[in-house]
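Student: Quick note: the sequence shown, position 288, residue 288 per full-length UniProt numbering, numbers continuous.
First the structure, which I've put down as structure tokens, then a few questions once you've had a look.
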Amino acid sequence: GVMEHELVLHQLRCNGVLEGIRICRKGFPSRVVYADFKQRYRVLNASAIPEGQFMDSKKASEKLLGSIAIDHTQYKFGHTKVFFKAGLIGLLEEMRDEKLAHLMTRTQARCRGFLMRMEYKKMVERRESIFCIQYNIRAFMNVKHWPWMKLFFKIKPLLKSAESEKEMANMKQEFEKTKEELAKSEAKRKELEEKMVKLVQEKNDLQLQVQAEADSLADAEERCDQLIKTKIQMEAKLKELSERAEDEEEMNAELTARKRKLEDECSELKKDIDDLELTLAKVEKEKHATENKVKNLTEEMASLDEIIVKLTKEKKALQEAHQQTLDDLQAEEDKVNTLTKAKTKLEQQVDDLEGSLEQEKKLRMDLERAKRKLEGDLKLAQDSIMDLENDKQQLDEKLKKKDFEISQIQSKIEDEQALGMQLQKKIKELQA
């Protein structure tokens, strides 16, 4: 399948993963206690911390970090811990592994050199012994046919009988001494075997404890990962709610402006209605005046037909104007009612939006509190993980120490067994 990189980046950005990674890289997520940092990373530059004199763990950590070729903006010093940016702990671990590999290589080279020198010394001694044996055999082959040598060969067995009793007494003393040494060796061997059994039991207990600590560490890491995922989801949800709150605030401002505009239009319409009412009152007044005038001039209708017709036309025109004015007034009243209903509806929408905005703000505050709580839980989990890692490291060192002691005891037991076998062989030779 083909991967769409832009779509993947868009999804990561929308889910808040990139934002979480950016925040994590911008801060100092890793932290180590000064004493643990000094103990673990002192191997990177042992000369930075002087031997034979006490130095505070914080000062020692500052000197050690100052002497290492790393970017000094990637870490900060706190009261009890040193804080690192993302990736720096991994770099320090790689530098430590390289240093330990170099030291192990040098140690192996020296051990192999020492063993080869010992082997060479043994080879030289064997060579000299072979030369000595060859020299003596050649000398014996040259003199074994001499008459005096034949006489010496005949007299020598007779000389041994005089010294046999003395040699037997010496052999008995040596036998008793060898027997005592064998008894001591057997007692020491039994003691070492008991100690080895005890150390093996301690080793098994430590292995069980290390396994339990590893399980606890795995659970804590899983919980930490779950808390980080929850934090990223909460941050994405908080960001989405913030954007929604900003949009609703903009909509609220727009509706408020429209409300003010409608209120201004309503005030203008009310003013027009007042003007129309004044005009209508004036027309009514003129109508009454005209009617009075018509009533007064009724007696003169005969002589004033043209005036009556004219006045009738004027009356009709005034009535049409009055009707038109009434129609306009009714239309304006309908328009005012429509605007009043729209105003009421907009005010209701504004109230609903304000209530929704208050709910969003409350939800945002709850999410921020939950975020702070999750950050606190995450910090506690990270501290717990660091403590578990320190305990695991101490247990590993103790286990290595016990393995080394067991190997030493086993080598001692093998040496004692070899010595016992030699003594038994020597006793058998003496008894024979």
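Glycine residues also receive a C-beta, built at the ideal position from the N, C-alpha and C atoms.
Around the Cβ of residue 16, are there at least 16 other Cβ atoms within 10 angstroms (buried) or fewer (exposed)?
Tutor: Taking the first residue of the sequence shown as position 1, residue 16 is located at position 16. Buried is the call here.
Student: Unbroken alpha helix (DSSP H) runs of length 4 or more, entirely within the stretch 54–118: which are they?
Tutor: Those alpha helix (DSSP H) runs which fall completely within the stretch 54–118 and span 4+ residues are 57–67.
Student: Per the contact definition of three or more C-beta pairs closer than 8 Å, is the stretch 417–424 in contact with the stretch 185–195?
Tutor: The stretch 185–195 is in contact with the stretch 417–424.
Student: With distances taken from CA atoms, which of 195, 4 and 269 is nearest residue 405?
Tutor: Position 405 of the sequence shown, counted from the first residue, corresponds to residue 405. Here the closest residue by C-alpha is 195.
Student: If you draw a straight line from the C-alpha of residue 391 to the C-alpha of residue 56, how long is it?
Tutor: Locating residue 391 in the sequence shown gives position 391, where the first residue counts as 1. Locating residue 56 in the sequence shown gives position 56, where the first residue counts as 1. For residue 391 and residue 56, the distance between alpha carbons rounds to 22 Å.
Student: So, helix, strand or coil for residue 336, using DSSP?
Tutor: Stepping through the sequence shown from its first residue, residue 336 is reached at position 336. If DSSP states are grouped into helix, strand and coil, residue 336 belongs with the helices.
Student: Going by the DSSP bridge assignment, what does residue 30 pair with across the sheet?
Tutor: The count along the sequence shown starts at 1 and reaches residue 30 at position 30. Note: residue 30 sits in a beta bridge opposite 84.
Student: Rounded to the nearest angstrom, how far is the Cβ of residue 231 from that of residue 375, given a contact under 8 Å?
Tutor: Stepping through the sequence shown from its first residue, residue 231 is reached at position 231. Stepping through the sequence shown from its first residue, residue 375 is reached at position 375. Their Cβ separation, rounded to whole angstroms, is 7 Å, which keeps residue 231 and residue 375 in contact under 8 Å.
Student: Following the continuous alpha helix (DSSP H) through residue 5, name the residue where it begins and the one where it ends.
Tutor: Numbered from its first residue, the sequence shown carries residue 5 at position 5. Run containing residue 5: 5–15, per the alpha helix (DSSP H) assignment.
Student: Should the stretch 362–377 be regarded as contacting the stretch 199–217, the criterion being three or more beta carbon pairs within less than 8 Å?
Tutor: Flag = no, the stretch 362–377 and the stretch 199–217 do not touch.
Student: Is it a yes or a no for the stretch 48–65 touching the stretch 107–120, going by three-plus beta-carbon pairs under 8 Å?
Tutor: Not touching, per the Cβ criterion.
Student: State the DSSP-derived secondary structure class of residue 409, mapped to helix, strand or coil.
Tutor: Reading the sequence shown from its first residue, position 409 is the one you call residue 409. The answer is helix: DSSP assigns residue 409 an H, G or I state.
Student: Is it true that the CB of residue 260 sits closer than 8 Å to the CB of residue 381?
Tutor: If you number the sequence shown from 1, residue 381 lands on position 381. If you number the sequence shown from 1, residue 260 lands on position 260. Against a cut-off of 8 Å, the Cβ pair of residue 260 and residue 381 comes out as no contact.
Student: Short of 8 Å in beta carbon distance, which residues of its chain neighbour residue 49, apart from the five on each side in sequence? Order them along the chain.
Tutor: The count along the sequence shown starts at 1 and reaches residue 49 at position 49. For residue 49, where only same-chain residues beyond five positions count, the Cβ hits under 8 Å are 38, 42, 55, 60, 63 and 64.
Student: Just verifying my parser: in three-state terms, what is the DSSP assignment at residue 52?
Tutor: By 1-based counting over the sequence shown, the position of residue 52 is 52. Residue state, collapsed to three classes: coil.
Student: Would you mind working out which of 198, 253 and 365 sits nearest residue 410, comparing C-alpha positions?
Tutor: In the sequence shown, residue 410 corresponds to position 410, counting from 1. Measuring from the Cα of residue 410, the nearest candidate turns out to be 198.
Student: Could you work out which residue in 83, 400 and 251 is closest to residue 349 when comparing CA atoms only?
Tutor: Taking the first residue of the sequence shown as 1, we reach residue 349 at position 349. Closest option to residue 349, Cα to Cα, is 251.
Student: Quick one: what does DSSP say residue 144 is sitting in, helix, strand or coil?
Tutor: Position 144 of the sequence shown holds residue 144. Of the three classes helix, strand and coil, the one that applies to residue 144 here is coil, per DSSP.
Student: Could you compute how far the alpha carbon of residue 335 sits from the alpha carbon of residue 327?
Tutor: Position 335 of the sequence shown, counted from the start, is the residue given in the question as residue 335. Position 327 of the sequence shown, counted from the start, is the residue given in the question as residue 327. Roughly 12 Å separates the two Cα atoms.
Student: Between residue 87 and residue 29, what straight-line distance do the alpha-carbon atoms span, to the nearest angstrom?
Tutor: For this step, residue 87 is matched to residue 87 along the sequence shown. For this step, residue 29 is matched to residue 29 along the sequence shown. If I take the Cα positions, the gap works out to 10 Å.
Student: Going by CA-CA distance only, name the one from 332, 352 and 149 that's closest to residue 271.
Tutor: As a position in the sequence shown, residue 271 is number 271, starting the count at 1. Of the candidates 332, 352 and 149, the one whose C-alpha sits nearest the C-alpha of residue 271 is 332.
Student: Is any beta-carbon of chain B found at less than 8 Å from that of residue 417?
Tutor: Protein chains in the displayed structure number just one, and chain B is not present.
Student: So, using beta-carbon positions, are residue 360 and residue 241 closer together than 8 Å?
Tutor: Sequence index remark: in the sequence shown, residue 360 carries index 360 (1-based). Sequence index remark: in the sequence shown, residue 241 carries index 241 (1-based). In this structure, residue 241 lies closer than 8 Å to residue 360 by Cβ.
Student: Rounded to a whole number of angstroms, what is the C-alpha to C-alpha distance between residue 122 and residue 33?
Tutor: In the sequence shown, residue 122 corresponds to position 122, counting from 1. In the sequence shown, residue 33 corresponds to position 33, counting from 1. Whole-angstrom Cα-Cα distance: 52 Å.
Student: For the candidate residues 91, 269, 215 and 352, whose alpha-carbon lies nearest to that of residue 338?
Tutor: Position 338 of the sequence shown holds residue 338. The candidate whose alpha carbon is nearest that of residue 338 is 269.
Student: Hey, which unbroken runs of the beta strand (DSSP E) at 3 residues or more fall wholly within the stretch 181–245?
Tutor: Qualifying beta strand (DSSP E) stretches: none in this window.
Student: Less than 8 Å between the C-beta atoms of residue 44 and residue 68, yes or no?
Tutor: Within the sequence shown, numbered from 1, the residue matching residue 44 stands at position 44. Within the sequence shown, numbered from 1, the residue matching residue 68 stands at position 68. Yes, the pair counts as a contact, with Cβ atoms nearer than the cut-off.
Student: Put residue 124 into one of helix, strand or coil per three-state DSSP.
Tutor: Translated into positions along the sequence shown, residue 124 becomes position 124. Three-state DSSP puts residue 124 in a helix.
Student: Assuming residue 412 contacts residue 203 (C-beta within less than 8 Å), just tell me the rounded distance between them.
Tutor: One-based indexing of the sequence shown puts residue 412 at position 412. One-based indexing of the sequence shown puts residue 203 at position 203. Contact flag wrong, Cβ pair sits at about 17 Å.
Student: Using only CA atoms, which one of 414, 363 and 263 lies nearest to residue 340?
Tutor: On the sequence shown, position 340 is the one that residue 340 refers to. Comparing Cα positions, the closest option is 263.
Student: Within 10 angstroms of the Cβ of residue 220, are there 16 or more other Cβ atoms? Answer buried if so, exposed if not.
Tutor: Locating residue 220 in the sequence shown gives position 220, counting from the first residue. With 16 or more Cβ atoms within 10 Å of its Cβ, residue 220 is classed as buried.
Student: Using 10 angstroms around the beta-carbon of residue 103, count the other beta-carbons present and answer buried if the total reaches 16, otherwise exposed.
Tutor: Position 103 of the sequence shown, counted from the start, is the residue given in the question as residue 103. When all chains shown are included, residue 103 counts as exposed.
Student: Going by alpha carbons, who is nearest to residue 35 out of 58, 71 and 128?
Tutor: If you number the sequence shown from 1, residue 35 lands on position 35. Comparing Cα positions, the closest option is 58.
Student: Just the C-alpha distance for residue 323 and residue 275, rounded to the nearest angstrom, thanks.
Tutor: Counted from its first residue, the sequence shown places residue 323 at position 323. Counted from its first residue, the sequence shown places residue 275 at position 275. So the two alpha carbons sit approximately 16 Å from each other.
Student: Measure from the alpha carbon of residue 393 to the alpha carbon of each residue in 118, 181 and 214, then state which is nearest.
Tutor: What you label residue 393 is simply residue 393 of the sequence shown in a count that begins at 1. Ranking 118, 181 and 214 by Cα distance to residue 393 puts 214 first.
Student: With a floor of 3 residues, list each beta strand (DSSP E) that falls wholly inside the stretch 314–397, ordered by position along the chain.
Tutor: Runs found: none.
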